[in-house]
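S.K.: Structure provided below as structure tokens; questions to follow.
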Amino acid sequence: MKISLIGMGFGGEDALTGQAKEAFLHAQLIIGAPRLTESLSETVRGRAEIFESIQTKEIARRISGFQGTHVCVLFSGDTGFYSGARHLEKALLEIGKYECEYCPGISSVQMLAAKLHRPWQDWKLVSAHGVSCCAAAEIDEVRPTFFLTGGTLTAHEICRQLTQAGMGALEVTAGQELFTPRERVITASAAELAKETFSSLTVLLAEPFEKPFCHAGMPDDSFIRGKTPMTKQEVRAAIMAKLALRPEETVWDVGAGTGSVSVEMARAAFRGKAYAIERNEEACALIEQNKQKFAAWNLHIQKGKAPDALSELPAPDAVFIGGSGGNMKEIIRLVYEKNEKARICVTAIAPESLSAAVEALREHGKQAEITQISAARSRPVGGLHMMEALNPIWIVTEGCHA
12 MKISLIGMGF
22 GGEDALTGQA
32 KEAFLHAQLI
42 IGAPRLTESL
52 SETVRGRAEI
62 FESIQTKEIA
72 RRISGFQGTH
82 VCVLFSGDTG
92 FYSGARHLEK
102 ALLEIGKYEC
112 EYCPGISSVQ
122 MLAAKLHRPW
132 QDWKLVSAHG
142 VSCCAAAEID
152 EVRPTFFLTG
162 GTLTAHEICR
172 QLTQAGMGAL
182 EVTAGQELFT
192 PRERVITASA
202 AELAKETFSS
212 LTVLLAEPFE
222 KPFCHAGMPD
232 DSFIRGKTPM
242 TKQEVRAAIM
252 AKLALRPEET
262 VWDVGAGTGS
272 VSVEMARAAF
282 RGKAYAIERN
292 EEACALIEQN
302 KQKFAAWNLH
312 IQKGKAPDAL
322 SELPAPDAVF
332 IGGSGGNMKE
342 IIRLVYEKNE
352 KARICVTAIA
362 PESLSAAVEA
372 LREHGKQAEI
382 TQISAARSRP
392 VGGLHMMEAL
402 NPIWIVTEGC
412 HA
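Here it is, written out as structure tokens:
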């Protein structure tokens with residue numbers, strides 16, 4: 012049986028390629044969302060059976076029970092741009108042998124670019140269609156950022172997120188139901204568009220936004236500080252090297268203090284989620300201030316004492332423990348319960364904390380790797396530079412290597 016996976020562009024037969032039109036001539040069964048099947052001509056609809064569905068498993072079951080020789084499945088936009096076509100092909104191959112062909116269509120990014128008379132090859136492309144996405148963290152500093160919206164993360168919600176993150180003045184273009192009679196294209200600030208209502212078939216283009224520069228091991232005085240203890244620059248740089256974070260990971264900072272490590276973790280895992288766990292109210296306020304200062308929009312502050320405050324958090328890929336409150340074993344146990352492959356990095360000043368971390372890892376069959384950092388900084392004395400030692404600190408890791 013031949014399966015034609017057809018990109019319908021903006022809907023209707025005017026946007027179809029010759030390959031797609033040829034496929035419709037031989038189709039005995041046409042499957043797709045009502046919006047797409049209803050856009051076909053009476054001639055095409057009259058030649059084939061119509062089955063309306065957008066559920067991959069349901070479509071695969073219908074095809075497996077079909078006795079004909081040619082099926083066309085319709086997808087909005089292009090079959091290669093955040094499309095369900097690949098998922099359907101995979102589902103079909105799991106239940107039988109089918110000959111699948113891809114018929115590309117005009118994608119929504121091409122449609123918006125055409126309306127704006129702009130090339131799109133340098134745009135950053137982000138799908139927020141039916142998936143979680145931190146819009147503010149995705150905004151690029153150099154390139155325009157294109158958002159495919161839909162599901163819970165609508166165009167309105169993305170603009171609201173940007174406004175909440177301090178990007179209300181950012182220029183954003185909304186393209187609703189492009190190349191249809193209901194088309195609407197608006198360019199305004201994110202704050203203005205957050206007041207508008209858009210249909211689910213809306214895409215966004217946000218212009219570049221320069222964020223505060225952030226890197227591993229930023230200077231101590233770049234952070235907003237109070238009386239709360241802060242992990243020093245030299246140690247932070249080593250922690251970030253040990254954790255080796257990836258952009259899409261979920262990360263925890265337990266005993267976050269001022270949030271210096273939290274901010275660096277959040278900016279490194281900018282497509283994921285970062286959680287700063289801290290029981291002190293004043294420290295939580297400092298974390299929020301540093302979050303705003305460094306545009307760490309994917310950083311979430313969890314007020315409470317570990318391990319109790321960790322129970323509702325999503326499973327982490329990497330965890331930094333800078334303060335355990337005497338609950339090191341319980342914290343590490345909970346981390347491994349959520350993800351036995353989580354990468355853990357612990358800092359300790361006191362030998363007792365070091366021993367607790369090593370023992371907790373051993374109880375879970377892990378071999379601890381211990382590094383001691385003894386750093387000194389210069390300070391001017393008369394016309395000379397005198398070295399002043401910082402407190403030596405142990406860094407304990409297991410599985411923290413990329």
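For the sequence shown, the numbering used here assigns the number 12 to the initial residue and increments by one for each residue that follows.
Every residue gets a Cβ at the ideal spot worked out from N, C-alpha and C, and that includes glycine.
These figures come from a predicted structure and were not determined experimentally.
Counting along the chain, where does the beta strand (DSSP E) carrying F158 start and finish?
M.R.: Taken as a continuous stretch (DSSP letters only), the beta strand (DSSP E) holding F158 covers 156-159.
S.K.: What ranges does the beta strand (DSSP E) occupy inside the stretch 246-323, keeping only unbroken runs of at least 3 residues that lie completely in it?
M.R.: Qualifying beta strand (DSSP E) stretches, in chain order: 261-265, 284-289, 310-314.
S.K.: Tell me, please, whether the stretch 308-327 touches the stretch 182-192 by the rule of three or more beta-carbon pairs shorter than 8 Å.
M.R.: Flag = no, the stretch 308-327 and the stretch 182-192 do not touch.
S.K.: Does the contact criterion of 3 or more C-beta pairs under 8 Å hold for the stretch 272-281 versus the stretch 334-352?
M.R.: Not touching, per the Cβ criterion.
S.K.: What residues in its chain sit with their C-beta under 7 Å from that of I93, if we drop five residues either side in the sequence?
M.R.: Note that residue 93 corresponds to Tyr in the displayed sequence, not to Ile. Excluding positions up to five away in sequence, the list reads S138, H140, L159.
S.K.: Can you find a heavy atom of the ligand ADP that lies under 8 Å from the Cβ of E363?
M.R.: With respect to small molecules bound, the structure shown includes none, and the ligand ADP cannot be examined in it.
S.K.: List the whole-angstrom C-beta distance separating L103 from I150, where the pair is believed to meet the contact cut-off of C-beta under 8 Å.
M.R.: Their Cβ separation, rounded to whole angstroms, is 37 Å, which puts L103 and I150 out of contact at 8 Å.
S.K.: Just reading off the beta strand (DSSP E) that C170 is part of, what are its end residues?
M.R.: Not the beta strand (DSSP E): C170 falls in the alpha helix (DSSP H), residues 166-173.
S.K.: Of all the options T239, C145, G161, M229, which has the alpha carbon lying nearest to the alpha carbon of I250?
M.R.: The candidate whose alpha carbon is nearest that of I250 is M229.
S.K.: What is the DSSP secondary structure of K13, counted as helix, strand or coil?
M.R.: If DSSP states are grouped into helix, strand and coil, K13 belongs with the strands.
S.K.: Counting pairs of beta carbons, one from the stretch 256-270 and one from the stretch 222-242, are three or more of them closer than 8 Å?
M.R.: Taking 8 Å as the limit for Cβ pairs, the verdict is that the stretch 222-242 does touch the stretch 256-270.
S.K.: Go to L127, then tell me how far its beta strand (DSSP E) extends in each direction, as first and last residue.
M.R.: It is not in any beta strand (DSSP E) - L127 instead sits in the alpha helix (DSSP H) that spans 119-127.
S.K.: Which residues share a DSSP beta bridge with I384?
M.R.: Paired residue(s): I404.
S.K.: Assign G393 to buried or exposed, taking buried as 16 or more other Cβ atoms, counted over all protein chains shown, within 10 Å of its Cβ.
M.R.: Burial call: exposed.
S.K.: If you count every other CB in all the chains shown that lies within 10 Å of the CB of I355, and 16 or more means buried, which is it?
M.R.: Its Cβ being crowded by 16 or more others within 10 Å, I355 is buried.
S.K.: Measure the C-alpha to C-alpha separation of V330 and K349 and round it to an integer number of angstroms.
M.R.: Each residue's Cα considered, the two are about 12 Å apart.
S.K.: With distances taken from CA atoms, which of A71, V246, L51, K314 is nearest W414?
M.R.: As displayed, the chain neither begins before 12 nor continues past 413, which places residue 414 out of reach and without an answer.
S.K.: Starting from the C-beta of T213, find all residues in its chain whose C-beta is less than 7 Å away, skip the five residues before and the five after it, and write them out in chain order.
M.R.: Excluding positions up to five away in sequence, the list reads T160, A166, A185, G186, Q187.
S.K.: Can you find the residues in the same chain that come closer than 8 Å, C-beta to C-beta, to R373, ignoring five residues on each side of it along the sequence?
M.R.: Result list for R373: A379, in chain order.
S.K.: Relative to the alpha-carbon of N414, which residue among H311, L136, R388 has its alpha-carbon at the smallest distance?
M.R.: Nothing can be reported for residue 414: it is not among the residues displayed for the chain, which extend from 12 to 413.
S.K.: Could you give the DSSP three-state label for F331: helix, strand or coil?
M.R.: Correct three-state label for F331: strand.
S.K.: Measuring only the C-alpha atoms, how far is E168 from A367?
M.R.: When rounded, the distance between both Cα atoms is 45 Å.
S.K.: Would you call the CB atoms of E2 and E221 closer than 9 Å?
M.R.: In this structure the chain extends from 12 to 413, so residue 2 is not present and cannot be described.
S.K.: Have a look at M339 and Y286 and give me their C-alpha separation to the nearest angstrom.
M.R.: Going from the Cα of M339 to the Cα of Y286 covers about 18 Å.
S.K.: Considering just the uninterrupted stretch of the alpha helix (DSSP H) at K32, what are its terminal residues?
M.R.: Run containing K32: 29-37, per the alpha helix (DSSP H) assignment.
S.K.: Which residue's Cα is closest to the Cα of P115: L181, K32, W131?
M.R.: Measuring from the Cα of P115, the nearest candidate turns out to be K32.
S.K.: Look at F157 and L136 and say whether their C-beta atoms are less than 9 Å apart.
M.R.: For F157 and L136, yes; Cβs fall inside 9 Å.
S.K.: Leaving out five residues before and five after C411 in sequence, what residues of the same chain have Cβ atoms less than 6 Å from its Cβ?
M.R.: Any answer about C411 is weak, because its pLDDT of 45 lies below 50 and its placement is not dependable; what the coordinates show is given next. Cβ within range, chain order: K253, L254, R354, C356.
S.K.: Give me the DSSP bridge partner(s) of I415.
M.R.: The chain is shown only over 12 to 413; residue 415 falls outside these bounds and no answer can be derived.
S.K.: What's the gap between the Cα of P219 and the Cα of P155?
M.R.: Taking the straight line from one Cα to the other gives about 5 Å.
S.K.: The alpha helix (DSSP H) spanning R73 covers which residue range?
M.R.: Counting along the chain, the alpha helix (DSSP H) containing R73 begins and ends at 67-75.
S.K.: Go ahead and label P327 buried or exposed: buried means 16 or more other beta carbons lie within 10 angstroms of its beta carbon, across all protein chains shown.
M.R.: When all chains shown are included, P327 counts as buried.
S.K.: Check the DSSP bridge columns for K135 and list the partner residues they point to.
M.R.: T156.
S.K.: Output the distance between the C-alpha atoms of Q172 and C145, rounded to the nearest integer angstrom.
M.R.: The straight-line gap from Cα to Cα measures roughly 8 Å.
S.K.: Cα separation between A413 and A26?
M.R.: Reliability fails at A413, whose pLDDT of 43 lies under 50, so the model's placement of it is uncertain and no value is given.
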